[in-house]
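The structure appears below as structure tokens.
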Amino acid sequence: MKKSNLFLTLLVSVLIGAYGCSSSSMMDDSSSAAMTPSIEPKPVTEANPPSPDPRVGLKAGLFDAEEASWNLNMLSQTPPPEDFVGVTNSDLAFKGNYAFQGNYNGVIVWDVSNPRSPELVVDYLCPASQSDVSVYGNLLFVSGEGLGGRLDCGTEGVQETVSEERLRGIRIFDISDVQEPKYVSNVQTCRGSHTHSVLKDPEDDENVYIYVSGSAPVRPNEELPGCSAAMPDDDPNSALFRIEVIKVPLDNPEEAAIVNSPRIFENLTAAPTHGMAPADKAALEKAKAEGAFTAEIFGQERVIPGRYVRMILSNVAQQRGGEGAEPTAADSAYLRENIQMMVDQQFGGGGDEEDDRGPNQCHDITLYPEIGLAGGACEGYGLLLDISDPVNPKRVDAVADSNFSYWHSATFSNDGSKVLFTDEWGGGGQPKCRETDPYEWGANALFTINENNKMEFESYYKLPAPQTTEENCVAHNGSLIPVPGREIMVQSWYQGGISVFDWTDPSNPVEIAFHDRGPVDSTSMANGGSWSVYWYNGMIINSEIARGLDIFELEANPLITQNEIDAANTVTLDYLNAQGQPMFEWPTTYALAKAYVDQLDRDGEMSASEIAALRSGIARAEKSSGSDKSAILAELAEGIDGSASSKAGKLAETLRDLASM
């Protein structure tokens, strides 16, 4: 039953991946005209969030949904180009003035030098889910995992179970001329590339390394020799329970190749799980009572979508009666009795040996080369990896949590003393921010990292606004905003929108800004929302799954002052891949000094008179020059030298640096 196997492969890709992992967008609107918000957002610049929360009850719509924002200013909304409308927009990468937006149909390149009016540079048609993108130098890397990706970038897909035309792995493009990307090479992998992370080793200027996370079933050995889906005990070369490390020579990217397949999951046991939410249990029981087909897939009973049931039934009928045979009640009864066996046979379920093991793949790996560590979000575990030897990453710690369903991605604090993991409960395609859903499920988990590189749990953070049952919502991709002395992160929550929060104190994260739209459809689940949102050179850029590209800026308010925003915006990056986290460094500026003063004031670490004297002195120094300026700043620094506050120490250092300039 080869066709049934193909259907089941597609089915599991949808069920475990949903929008964030495997599915395509299914929209009818093909408009590509410029968009404006249906209701002009009016940010509230107060310390306390607006009440009642304006995100609750927003009017639905694709390009005309109602919007709500707080402390974020929308600069532009730009729809996707024609060939990409109705197809899922995925991740983002940045180089110079360009934003590279992945899409299941290929890659869209935007010029964002004017954030109020981004310009389309090129839309490169090359289908392959999920088109995770990264850049380095003149190279663009794109992930392909779905069964329909072709080596020739063709749009006709691949229908055969085994095909020499299929691409599952990493595509490499030369973007020396951004307007005309050139496809120079690819590296095929056994499980494809769901996501990938680019590592620039500080000690190696000749190569970059790509860590590949493949989450699809292992492809047949007939399609890619050497691929094995056996358990490692049966086949030491199994494609399960490993990641891939690709070495890319910068001068000869066509020679890129896998150089190691490290087994970073050794000796991990199955992680604890939390089961189903009350709303999901009720929905499952209702579906079963109405005759739905269900099967347990990766430890959870799931409803098999009707279109897949129809395909498999049709195949069962053909196997029984030949071409053109129609499914009968007996065929339906046969499928209901055997569907669990079919799933187990195709995907290795039902065996105690695998059930007792820990994860066999990572979803995402965030590399932080400046501290020599990586955060691996790997199914049931969060891993801490030593990447000082890029080719041979070593696991140094692993944490599991029964409140987490699917460890999805990681973000470090700038100094590397903390790490945040996201939980993509439901795969990104389900409503997991309902009012009845537990706060700890589908959230972020915050950890400190001790001197022995062991992670210690501190707290959770979840989008505080409940969403409807028609909105896919769960923790997803984001990045730090380089506010000096603070951990402030902007994060996507699919149709939950965007949340900006402060986790400087990992035991008490606090939301400080947001933006949200109403559902794409008020009557049923439709694909949409924020896939990923990142800070880049003063802009907050959002990849909206259905609606295109959004660009925001932070609004000054008591929770984040204009001085802090100005200091953040002095950080300029040449490029950014969010899964290759950079260490922020702030140039010496008056904005930096003022930002530290604002923080000392907000945190109550100095008296009102001391704060006033600092602000007055810095203002006088800005208007002075030469020895007068230096004297004022040196005196201010000397006046706070005895403070026990580490923030005051940073301020004193900044004042002295300003004095010497």
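Residue numbers for the sequence shown follow our numbering, beginning at 1 and rising by one. Glycine is no exception: its CB is placed at the ideal position from the N, C-alpha and C atoms.
{"Asked": "Within 10 angstroms of its Cβ, does SER402 collect 16 or more other Cβ (buried), or is it exposed?", "Found": "exposed"}
{"Asked": "Which class does ASP364 belong to by DSSP, given the choice of helix, strand or coil?", "Found": "strand"}
{"Asked": "How close, in whole Å, do the beta carbons of PRO482 and TYR596 come, if the pair is a contact with beta carbons under 8 Å?", "Found": "Actually they do not touch by this definition, with Cβ atoms about 14 Å apart."}
{"Asked": "Rounded to the nearest angstrom, what separates PRO232 and LEU240 at their Cα positions?", "Found": "7 Å"}
{"Asked": "Less than 7 Å between C-beta atoms, sequence neighbours within five positions excluded: which residues of the same chain meet that for ASP83?", "Found": "ASN105, ASP123, LEU125"}
{"Asked": "Can you find at least 3 beta carbon pairs, one from the segment 590 to 605 and one from the segment 558 to 578, that sit closer than 8 Å?", "Found": "yes"}
{"Asked": "In three-state terms, what does DSSP make of ARG191?", "Found": "coil"}
{"Asked": "How about ILE170 and ILE246: are their beta carbons less than 8 Å apart?", "Found": "yes"}
{"Asked": "Excluding five sequence neighbours on each side, which residues of the same chain lie with their C-beta closer than 6 Å to the C-beta of PRO41?", "Found": "For PRO41, the predicted structure reports a pLDDT of 39, less than 50, and the residue's modelled location is therefore unreliable. A value from the coordinates is still provided. If we look at PRO41 and ignore the five residues flanking it on each side, its Cβ neighbours are GLU67, SER69, MET74."}
{"Asked": "Considering only the alpha carbon of each residue, which of TRP425, GLU296, ARG263, LEU139 lies closest to ASN207?", "Found": "LEU139"}
{"Asked": "On the three-pair Cβ rule with 8 Å, is the segment 513 to 533 touching the segment 470 to 480?", "Found": "yes"}
{"Asked": "Could you tell me whether the segment 458 to 470 touches the segment 389 to 397, where touching means 3 or more Cβ pairs closer than 8 Å?", "Found": "no"}
{"Asked": "Any idea if LYS454 is buried or exposed, counting beta-carbon neighbours within 10 angstroms, 16 or more meaning buried?", "Found": "exposed"}
{"Asked": "Count the other C-beta atoms from every protein chain shown that fall within 10 angstroms of the C-beta of GLN179, then say buried if there are 16 or more, exposed otherwise.", "Found": "exposed"}
{"Asked": "For the beta strand (DSSP E) holding ASP386, just list the boundary residues, first then last.", "Found": "381 to 386"}
{"Asked": "Would you please state the rounded distance, in angstroms, between the beta carbons of GLN581 and LEU446? I believe it to be under 8 Å.", "Found": "With a Cβ gap of about 16 Å, GLN581 and LEU446 do not count as contacting."}
{"Asked": "For THR155, collect the residues of the same chain with a Cβ closer than 7 Å to its Cβ; drop the 5 residues on either side in sequence, then sort them by chain order.", "Found": "LEU125, PRO127"}
{"Asked": "Starting from the C-beta of MET661, find all residues in its chain whose C-beta is less than 8 Å away, skip the five residues before and the five after it, and write them out in chain order.", "Found": "THR588"}
{"Asked": "If we call anything under 8 Å between Cβ atoms a contact, is VAL533 one with SER507?", "Found": "no"}
{"Asked": "With DSSP as the reference, label PRO54 as helix, strand or coil.", "Found": "coil"}
{"Asked": "Is TYR575 helix, strand or coil when you go by DSSP?", "Found": "strand"}
{"Asked": "Taking the alpha-carbon of CYS190 as reference, which of LEU72, ALA292, ALA325, ARG166 has the nearest alpha-carbon?", "Found": "ARG166"}
{"Asked": "Using DSSP with H/G/I as helix, E/B as strand and the rest coil, what is VAL309?", "Found": "helix"}
{"Asked": "For VAL309, which residues in the same chain have their Cβ closer than 6 Å to its Cβ, ignoring the five residues on either side in sequence?", "Found": "PHE293"}
{"Asked": "Closest to ARG434 by CA distance: which of PRO81, GLY496, ASN103, GLY382 is it?", "Found": "GLY496"}
{"Asked": "CA-CA distance, ALA556 and ALA47?", "Found": "10 Å"}
{"Asked": "HIS515 and ILE498: beta carbons closer than 8 Å?", "Found": "yes"}
{"Asked": "With DSSP as the reference, label ASP152 as helix, strand or coil.", "Found": "coil"}
{"Asked": "ASN103 by DSSP, collapsed to three states: which one?", "Found": "strand"}
{"Asked": "What residue range does the beta strand (DSSP E) around THR78 cover?", "Found": "72 to 78"}
{"Asked": "Can you tell me whether DSSP reads PHE514 as helix, strand or coil?", "Found": "strand"}
{"Asked": "If GLU564 and ASP521 are in contact, beta carbons under 8 Å, what's the gap, nearest whole angstrom?", "Found": "In fact, because the Cβ distance is near 39 Å, the residues do not count as touching under 8 Å."}
{"Asked": "Quick check: the segment 218 to 227 against the segment 181 to 201, are there 3 or more CB pairs under 8 Å?", "Found": "yes"}
{"Asked": "For ASP386 and SER413, what's the separation of their Cα atoms in angstroms?", "Found": "16 Å"}
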